[in-house]
DNA sequence: CGATGGCGTGAACAGCGTTCACTGTCAATT
DNA sequence: AATTGACAGTGAACGCTGTTCACGCCATCG
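Chains as they are written, first to last, in my numbering: chain B, 686 to 940; chain U, 686 to 940.
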């Protein structure tokens, strides 16, 4: 957006490449004249939202845009860069505004839940986020939003950094295992597979796995929201106590 | 191991496929007659340890075993199954013995650190672990080892399950972002890139990212061990307080 | 009106996971 | 002891992936 904008023929190249233009999912009312980096990223986002991250292929993305695969490389240097742009586009959906009058624990909790909800809506993107150094503008905005309450709460730089990473590590790491979409294998966690899972736990040798056998079916349920809430609450509670009580934490590195 | 064991020719098929057998990395002193599922998985593990997870390719794995790619499919149904076996092979290295006389917080802390150390030694495997339902024998052993102290400490089933997943979510999620090995791009976090990162933070607009500008360089350092220790301590501390104080945790699901 | 530069095309390349007919060799059977 | 059958590994192929590049087309600028 902002660069000099080419002209507007009725439909660019409609005579030459007739069929692709009409087979493509051009359901929008607006005429889509030419490709843009923003349009590429936007289509990648809806593709991921619909079919998951492993469906994001240069070829299928190009097909959805009514374009030959190589054309994408005019707007994106590589698939890796496209993924970086996708990550930043997803993080743009996180609302970074929090009431700074609230205690920092509340602010961080709200931000973490917002981040989780956004990542949950784009399955697989968290996996990209953890493999990259996220330095896009919206990634930075999220970082700033999380770091600011910690700083204002009086955390010294080092401890603020630790708390910051601990919170992001947990939130992103939690979302890396998003609910599987792949329907080809029965990976979807429906009632049937849950029953088979419970049978599996009952069938385990009780001498080797006593706790798993007795607790298994009470534990392996898909209560992702509850799990995240419990985790983030424990985490922030622990951070708060570490702030007040023992700023130098003991080290358990060996063993 | 256990099935009827074929014969032992001096070198199986050495006349037909002469060169491959000698070009293969047969540095071991033992004669390697034929393929085994265990040998395939073992070679995959050393390949991952040496070159990272993205170097694990059916073709290169076959080449290292002195074998044509299709031959692997006699011992492994698919690459996905191979990855599952790799995950379980890695988790076999986790020592699951803990002194059950210690407080549960100590036991869990030790286990979490051991798990982290093992995963750190096999970069990329944590990423597989979070995308699978780990039901191999060694995965189950780790689960049992973590769950048992919680159970013995009096956690009711539901709360034990929550604590269990919270600890594993954090530990595995933390390890998903292992230090990059890929040297082709300058992803390795050396001193030079750290300096460039600090310059980057100083160059940010201070009106948009005030906290990042002031705290940036004190925060983005590669203190992974310290970060993990701080996180797991805060987490377990928070879980301990939740156990004693408010067993019913408030819910922050909306917003 | 002609030159220019950017964008999409079409085709190709290397590499990936996976399949399959075939072959050689061992182990058990007759 | 000779025959049979099972099976591991071969070689080649299929369809897919990301990526590159010479080639035209077209809008714009001079």
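We treat Cβ as the ideally placed atom computed from N, Cα and C, and that holds for glycine.
Checklist line | Secondary structure, alpha helix (DSSP H): runs of 4+ residues fully inside the region 744–788 of chain U | finding: 764–776
Notebook entry, point to check: Is there at least one Cβ from chain U nearer than 9 Å to residue 845/B's Cβ?
Noted result: yes
Checklist line | Residue-level contact to chain U via CB, residue 869/B, 9 Å cutoff | finding: Here residue 869/B scores only 35 on pLDDT, less than 50, and its place in the model should not be relied on; the value that follows carries that caveat. Not one chain U Cβ lies under 9 Å of residue 869/B.
Next item on the list: Please confirm if residue 918/U has its CB atom under 9 Å from at least one CB of chain B.
Entry: yes
Check: Does the beta-carbon of residue 742/U have 16 or more other beta-carbons within 10 angstroms, so that it is buried, or is it exposed?
Finding: exposed
Next item on the list: Determine the extent of the alpha helix (DSSP H) in which residue 890/B is found, giving its start and end residues.
Entry: From DSSP, residue 890/B is part of no alpha helix (DSSP H); its letter is neither H nor E.
Next item on the list: Given a cut-off of 9 Å, decide if residue 823/U and residue 629/U are closer than it, judged by their beta-carbon atoms.
Entry: Past the edges of chain U, shown from 686 to 940, lies residue 629/U, and the structure says nothing about it.
Checklist line | CA-to-CA distance, residue 879/B to residue 855/U, given in whole angstroms | finding: 24 Å
Margin query: Which of the three DSSP states is assigned to residue 896/B in this structure?
Written below: helix
Note to self: Using the Cβ count rule (16 or more neighbours within 10 Å means buried), how would you classify residue 892/B?
What the structure shows: exposed
Next item on the list: Indicate whether residue 819/B and residue 772/B have their beta-carbon atoms separated by less than 9 Å.
Entry: yes
Notebook entry, point to check: Can residue 945/U and residue 927/B be called in contact, C-beta distance under 9 Å?
Noted result: Outside the shown range of chain U (686 to 940) lies residue 945/U, about which nothing can therefore be said.
Check: Should residue 925/B be labelled buried (16 or more other beta-carbon atoms within 10 Å of its own) or exposed?
Finding: buried
Check: Can you find a C-beta in chain B that's less than 9 Å from the C-beta of residue 929/U?
Finding: no
Note to self: Using C-beta distances below 8 Å, list every residue in its chain close to residue 732/B, excluding the 5 sequence neighbours before and after it, in chain order.
What the structure shows: 740, 741, 745, 746, 749
Next item on the list: Go ahead and pull the three-state DSSP assignment for residue 928/U.
Entry: helix
Next item on the list: Specify the secondary structure class of residue 822/U as computed by DSSP and reduced to three states.
Entry: helix
Next item on the list: For residue 926/U, decide whether its Cβ has a neighbour in chain B, counting only Cβ atoms nearer than 9 Å.
Entry: yes
Next item on the list: Grab the span of the alpha helix (DSSP H) containing residue 840/U for me, first residue to last.
Entry: Taken as a continuous stretch (DSSP letters only), residue 840/U belongs to no alpha helix (DSSP H), as it is neither H nor E.
Item checked: residue 896/U: contacting residues in chain B (beta-carbon distance under 8 Å) -> 829, 832, 833, 836
Note to self: Just to check my reading of the structure: residue 835/U and residue 848/U have Cβ atoms closer than 8 Å, yes? What is that Cβ distance to the nearest angstrom?
What the structure shows: 5 Å
Margin query: Can you find the residues in the same chain that come closer than 8 Å, C-beta to C-beta, to residue 730/U, ignoring five residues on each side of it along the sequence?
Written below: 771, 774, 775, 807
Next item on the list: Select from the region 780–810 of chain U all residues with a C-beta closer than 8 Å to any C-beta belonging to chain B, and list them in chain order.
Entry: 794, 795, 798, 799
Check: Within 9 Å (strictly less), CB to CB, does residue 812/B reach chain U?
Finding: yes
Notebook entry, point to check: Looking at the structure shown, is residue 872/U part of a helix, part of a strand, or coil, going by DSSP?
Noted result: Here residue 872/U scores only 48 on pLDDT, less than 50, and its place in the model should not be relied on; the value that follows carries that caveat. It is coil, neither helix nor strand.
Next item on the list: Let me know the secondary structure DSSP gives residue 918/U once reduced to three states.
Entry: helix
Check: Using the beta-carbon of each residue, which ones in chain U are nearer than 7 Å to residue 842/B?
Finding: 900, 903, 904
Note to self: Tell me which residues share the same chain as residue 817/B and place their Cβ nearer than 8 Å to its Cβ, disregarding the 5 neighbours each side in the sequence.
What the structure shows: 768, 769, 772
Note to self: So the candidates are 784/U, 829/U, 752/U; which of them puts its Cα closest to the Cα of residue 724/U?
What the structure shows: 752/U
Next item on the list: Please report how far the alpha carbon of residue 916/U lies from the alpha carbon of residue 858/U, in whole angstroms.
Entry: 12 Å
Note to self: Tell me whether residue 903/B, by its Cβ, gets closer than 8 Å to a heavy atom of the ligand ADP.
What the structure shows: Absence of the ligand ADP from the depicted structure is noted, as is the absence of any ligand whatsoever, leaving it without description.
Item checked: Residues near residue 760/U by beta carbon distance below 8 Å, same chain, minus five either side -> 720, 721, 722, 725
Next item on the list: Measure the alpha-carbon distance for residue 883/B versus residue 788/U and round it to whole angstroms.
Entry: 30 Å
Next item on the list: Give the secondary structure of residue 802/U by DSSP, where H, G and I count as helix, E and B as strand, and everything else as coil.
Entry: helix
Margin query: Taking the alpha helix (DSSP H) that residue 732/B belongs to, which residues open and close that run?
Written below: 722–736
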